[in-house]
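Report on the structure given below.
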Amino acid sequence: MSESCILSSVPARPEGEPWPVVIVGCGAAGMLAGIFAGRGGVRPLLLETRPKPGAKIRVSGGGRCNVLPSQSELDDFHTEGSRNSLKNLLASWPLAQCRAFFERELGVALKVEDTGKLFPLSDDAGEVLDALLRELERVGGQVIGGVRAEELVPLADAVDGARFEIALSNGARLRARSAVLATGGLSLPKTGSDGWGYTTAHKLGHVVLRRYPALVPLLCSEARWNELAGVSVVARLAALRGDKLVGESTGDLLFTHKGFSGPVALDMSRFLTGPEREGVELVAGWHGLSVVDWDERLRKGGTRTVLLCLREWLPRRLVSVLIDLARVHPERKLAELSREERKRLSTLLGACPLPISGDEGYKTAEVTGGGVALEEVATKTLESRRVPGLYLCGEVLDVTGRIGGFNFLWAWVSGRRVGQSLASPLPQV
Ligand SMILES: Cc1cc2nc3c(=O)[nH]c(=O)nc-3n(C[C@H](O)[C@H](O)[C@H](O)COP(=O)(O)OP(=O)(O)OC[C@H]3O[C@@H](n4cnc5c(N)ncnc54)[C@H](O)[C@@H]3O)c2cc1C
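Structure below.
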């Protein structure tokens with residue numbers, strides 16, 4: 409889409425006719441809804457707070473945009489709603505077809521990295537965004553940039569079929585036959601998503617579940633961990649409530665000046681910020697190993713010293729902290745450790761408590777957990793069960809994915825579903 413096609417004011421409609429569809433939010437989900445509505449013959453108007461659309465796509469994946477995962481399962485996603493509904497929704501656009509949309513239909517060549525994530529071959533998020541905007545323009549979509557929807561009001565009995573009136577920040581008022589909330593969540597508010605979609609959905613009578621920062625770096629106020637800033641290590645993080653394992657994941661953990669980050673910390677953060685957070689503690693199995701694995705390794709260590717053995721597997725600075733915490737002399741030979749010492753050491757190596765004091769919040773969170781309950785929309789169409797003609801897609805709904813392209817996958821799949829529903833409305837299910 410050329411810059412000139414991003415309008416700054418509302419284009420006139422013939423004789424005040426209502427717009428067929430107004431999509432609030434021109435992010436990943438809104439663009440897909442617009443593209444598929446347009447392909448089905450319904451020309452959409454998109455409203456976007458930011459002067460330029462797709463700000464979050466542009467910064468995603470460190471500016472490279474992790475467009476999709478190379479494999480996907482239901483367990484890669486989280487919702488408090490029906491997992492069966494989510495399964496059906498995800499199945500509506502299989503990953504291979506979604507990938508083909510980007511590669512063959514939009515012409516964005518993708519590559520798979522060792523992590524299993526798909527990035528554009530160009531390593532440029534801008535290429536993905538430009539391709540989406542070009543397609544949106546091709547199918548007749550129009551975007552008004554730098555304009556915020558302030559209020560969305562359902563209309564009763566409008567003679568011309570208008571079902572909504574939308575008040576804009578520039579004072580204009582639009583009427584539309586259908587409306588879409590593709591407003592994103594609360595994460596990274598500077599990209600334009602400020603939670604308006606949740607407030608509006610709530611005002612219109614929808615159940616909006618408690619929101620929380622998900623995929624967010626965790627805070628720790630203990631200096632000994634903060635001093636490891638910059639160290640990266642493979643860890644198996646387990647979320648425990650008492651003795652009960654509530655979740656686990658293995659991957660790279662990054663120590664920061666403020667706490668813990670890296671893919672595995674982000675993936676596990678929801679257990680400390682989400683609905684399951686009560687009484688949950690995080691423990692780390694360094695090098696991805698359990699207490700039993702480490703105990704066995706220490707037993708087989710023979711005449712090697714504690715220091716030498718651990719340095720073989722773990723970063724030097726982390727080893728110093730662990731040896732210190734375990735109160736074991738670094739030069740002790742492993743074979744000479746007392747049972748008690750070996751137990752202290754293997755417990756710290758396989759189930760090391762991470763003292764979490766909070767999280768970095770929406771300022772750095774990649775997504776928002778919670779949101780409009782899945783039960784509030786019809787699974788087949790994503791039309792609101794409470795307000796006919798209103799559709800929801802993307803992060804505003806209560807679905808989050810783990811790190812690795814799963815959140816975009818949800819935005820693309822749900823956005824497409826809405827676009828198709830707009831083009832050929834089905835009876836509510
Ligand atoms: C730093 C960062 C990196 C990320 N990297 C990745 C990645 O590599 N891979 C991945 O899968 N996911 C990634 N994500 C997550 C991904 O960006 C989101 O899941 C996805 O963008 C959600 O799409 P959406 O369209 O629902 O919401 P958004 O992309 O947030 O779009 C919503 C749009 O609606 C607009 N809007 C909101 N309210 C209004 C209003 N009242 N009026 C008009 N416009 C409004 C906003 O300005 C915004 O442009 C990342 C997120 C962040 C923060």
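The sequence shown: position 309 = 717 (the working numbering), numbered continuously. Note that beta-carbon positions come from the ideal geometry of N, C-alpha and C, so glycine has one too.
Distance cut-off 7 Å: residue i Cβ against heavy atoms of ligand 1
{"i": "N578", "result": "no"}
{"i": "F572", "result": "no"}
{"i": "W427", "result": "no"}
{"i": "F444", "result": "no"}
{"i": "R458", "result": "yes"}
{"i": "L455", "result": "yes"}
{"i": "K652", "result": "no"}
{"i": "A436", "result": "yes"}
{"i": "R556", "result": "yes"}
{"i": "W604", "result": "yes"}
{"i": "K464", "result": "yes"}
{"i": "C846", "result": "Residue 846 falls outside the range modelled here, since the chain spans only 409 to 837, and no answer is possible."}
{"i": "N474", "result": "yes"}
{"i": "S595", "result": "yes"}
{"i": "N815", "result": "yes"}
{"i": "P671", "result": "no"}
{"i": "A587", "result": "no"}
Any non-hydrogen atom of ligand 3 closer than 7 Å to residue i Cβ
{"i": "R619", "result": "Looking at this structure, you won't find ligand 3 anywhere; what it does contain is ligand 1."}
Top-ranked residue by Cα proximity to residue i, from the options
{"i": "G879", "options": "N634, E423 and T608", "result": "Not covered by the structure: residue 879. The range shown for the chain is 409 to 837."}
{"i": "D568", "options": "F444, P428, T591 and K788", "result": "P428"}
{"i": "L482", "options": "R825, D703, V807 and G435", "result": "V807"}
{"i": "I764", "options": "R632, L494, P502 and L805", "result": "R632"}
{"i": "G655", "options": "V672, Q550 and R825", "result": "V672"}
{"i": "E768", "options": "K666, R705 and P419", "result": "K666"}
{"i": "L762", "options": "R719, N815 and L690", "result": "L690"}
{"i": "T658", "options": "G696, V729, L563 and R747", "result": "G696"}
Residue i versus residue j - alpha carbon distance
{"i": "R750", "j": "H737", "result": "12 Å"}
{"i": "V837", "j": "A734", "result": "Unreliable positioning characterises V837 in this predicted model, as indicated by a pLDDT of 44, which lies under 50. A coordinate reading is not provided."}
{"i": "R466", "j": "S754", "result": "44 Å"}
{"i": "T772", "j": "P683", "result": "20 Å"}
{"i": "A831", "j": "V450", "result": "6 Å"}
{"i": "A575", "j": "A557", "result": "6 Å"}
{"i": "S468", "j": "N474", "result": "7 Å"}
{"i": "T599", "j": "G802", "result": "15 Å"}
{"i": "G433", "j": "C506", "result": "21 Å"}
{"i": "I552", "j": "G687", "result": "46 Å"}
{"i": "L544", "j": "S490", "result": "32 Å"}
{"i": "W820", "j": "V547", "result": "17 Å"}
{"i": "S629", "j": "P562", "result": "48 Å"}
{"i": "L716", "j": "S746", "result": "18 Å"}
{"i": "L503", "j": "Q479", "result": "7 Å"}
Proximity below 8 Å, CB of residue i to CB of residue j
{"i": "D675", "j": "G758", "result": "no"}
{"i": "R472", "j": "D522", "result": "no"}
{"i": "Y770", "j": "P625", "result": "no"}
{"i": "V639", "j": "F663", "result": "yes"}
{"i": "Q828", "j": "F527", "result": "no"}
{"i": "L589", "j": "G605", "result": "yes"}
{"i": "E573", "j": "R585", "result": "no"}
{"i": "L742", "j": "L706", "result": "yes"}
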